[in-house]
Every structure is written in structure tokens, then in C-alpha cells.
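Sequential numbering from 5 applies to the sequence shown in the working numbering. First the structure, in the form of C-alpha cells, and then the observations on it.
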Amino acid sequence: MDVIYLAFSNSATEPLPTLSKEADEVHRILVHRALQGDFLIHLDQHATIEKINHDLGVYRDRLAVFHFSGHAGQDALVMGGEEANPKGIALQLAESARIGKLKLVVLNGCSTAGQVNRLLELGIPSVIATHAPVGDFSATAFAGAFYKGLAVNRWNLEQAFAEALGPAQTTTKNDLISGWEEAKRGIQWRDTPKDRPLWGLFPIDRPDNHRSNPLPLARSAAPTSFQPNEKLIPGAFEALLKAGCRPIQRLQEREEEGDFVETGAKATEIVNVLPSPVGIHLQK
């Protein structure tokens with residue numbers, strides 16, 4: 005099954021107040037499509053260089069969308085307090101693009117447009133990045149509206165991108181369309197022309213790349229009599245609960261309070277807390 009990879013990394017010294025909210029909201033929007041069998045979500049709210057390197061290898065043949073949110077700049081993505089070299093990430097993403105899987109890379113941090121040319125040269129069909137420092141609230145609003153456009157409204161990439169600019173603008177008095185915000189997700193300031201839109205959809209000279217929806221669709225439904233992982237999911241849930249896994253405990257607490265938690269929601273949470281080579285089998 006194809007994978008939507010969501011990487012978030014906050015800073016202990018310069019925390020972004022809405023980054024966790026962005027992660028939760030994007031996951032909440034996408035999870036309904038995941039439960040329909042369209043794709044697998046890999047959500048990492050504490051991304052590090054080591055984990056990114058490992059996961060991009062695991063998902064190389066399945067990676068459809070790569071999303072990063074956190075502190076960034078033209079020459080780096082900050083993960084676990086360290087500056088990751090985007091050249092290395094781009095080379096790994098290129099392998100997924102080469103086999104026709106990877107359709108979109110989203111870099112929702114400050115001034116990431118400097119990384120775009122390398123991604124495009126390596127064959128990434130579409131990239132979303134920023135020309136200038138981006139405010140945390142605006143970045144979160146943009147991400148939520150953008151993925152809602154793709155997953156819920158099922159718009160093409162171009163329309164989902166355009167429609168997401170409005171909610172992002174609503175969060176700030178600064179003019180995002182002219183490309184400048186004072187609060188930033190950046191690791192450094194750069195001189196940036198103020199006549200550019202803050203976010204950019206690239207390549208700008210090949211609009212046909214953006215007229216499809218990059219989210220995968222399930223090829224076919226399983227027979228109604230077949231229930232994959234019917235016994236494995238409850239068993240894994242119970243084992244993780246006994247082990248004191250906090251995300252699993254929160255689902256159990258919801259059930260004890262009377263909420264109904266779908267099996268698919270449990271499976272998605274199990275996938276996110278288990279090591280990738282183990283958890284991925286629960287989405288088959």
C-alpha cells in the first residue's frame with residue numbers, strides 16, 4: 005500500500021506553538037481515507053535524521069507524498085535539534101520518484117524554496133515550499149486547508165494549493181500574498197523579495213504536473229467476507245496497552261468513557277507506535 009509520510013520536528017529551545025496541532029489536524033483529515041484503504045499514513049511527530057534515513061529506505065517503493073513541518077531554511081531542515089542536509093533527503097526521495105510513486109513533496113517551513121530546484125532536477129513531479137519566513141499559525145492553517153482540499157474535497161493539486169492560501173492569510177494581519185511574515189519557522193533570516201507569494205507550487209512552468217490529485221486511491225476492495233488482521237489488531241492493541249503505551253492508553257480511555265473507537269483507528273495508532281517493518285503489515 006502506498007504511504008503518506010508526515011514528519012514533524014519541534015525545537016526544545018524555540019518551540020513552535022501550533023506544530024503539534026498541525027500534525028494532529030493533518031492526520032485527522034487523512035485518516036478517513038486511510039481507513040478506506042487508499043493509503044497508509046506514517047506520522048512522526050518527533051522526526052530525527054536517523055529515523056528519516058531509516059524510514060525513507062523502508063518506504064522507498066511505496067512513498068507517494070513526503071511532508072515536513074518544522075524549523076527550516078534554504079539549506080537545512082531541522083530534525084531533533086540537528087540540521088539535516090536536504091541534499092541527502094532529496095537523493096532518497098528521488099528513488100521513490102524514479103519508480104513513479106512519489107508525486108508530491110511539501111516543505112512547510114521557512115524559506116524552503118531554495119531546496120526546490122534540486123528536488124525538481126531529481127525528478128520530483130511537484131513541490132510546495134516557501135519563499136520567505138512563515139508564521140507558525142499560518143503554516144498550520146495552510147496545511148489543514150491544503151490536505152482537506154486533497155483528501156475530502158478531492159481537488160487537484162493546483163486547486164487545493166490555491167484554496168489553502170485563504171485560510172493561511174486569515175490567521176495574520178501580514179500580507180502573505182506579497183510574501184512576508186514576521187513570526188517565522190526559520191533557522192535564519194534571508195533577504196527575500198516581498199513581491200512573491202509566501203508559498204509556492206513548483207515547477208511553475210509545468211502546470212500539467214499539478215492538475216491531478218497526488219493522494220493514492222485503492223485499486224480494488226477486498227471481498228466483504230475477508231477481514232484482514234481480524235485477530236492481530238486486538239492482540240497487538242492489548243499487548244501495547246499492557247506495556248503502558250500512552251497513545252494506546254488514550255484510545256482505551258476514550259472507550260471506557262463511552263466513545264466508540266473503530267478498529268481502523270486502532271490499527272492506524274498501532275502502526276504509528278510500532279517500528280516500521282512490523283507495523284506496516286497491519287495495513288495490508
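We put the beta carbon where it would ideally sit given N, CA and C, even for glycine. All values derive from a computational prediction rather than experimental measurement.
DSSP places I132 in the uninterrupted beta strand (DSSP E) bounded by 130–134. When only Cα atoms are considered, A76 and A88 end up about 9 Å apart.
Beta-bridge annotation (DSSP): L108 is paired with V69, S130.
Counted as a single uninterrupted DSSP element, the beta strand (DSSP E) harbouring F206 occupies residues 203–206.
Taking all protein chains shown into account, K246 has fewer than 16 neighbouring C-beta atoms within 10 Å of its C-beta and is therefore exposed. With a threshold of 16 other beta carbon atoms within 10 Å, V30 meets it and is buried. Taking a 10 Å sphere around the C-beta of A38, we find 16 or more other C-beta atoms and assign the residue as buried.
Judged by DSSP secondary structure, E87 falls within the beta strand (DSSP E) whose first and last residues are 86–88.
Contact between I128 and L106 holds, with the beta-carbon distance rounding to 6 Å and staying under 8 Å. Between A145 and A172, the gap from beta carbon to beta carbon is short of 9 Å. For A38, the enclosing alpha helix (DSSP H) has its first and last residue at 23–39.
The alpha-carbon of S24 is positioned some 7 Å away from that of Q49.
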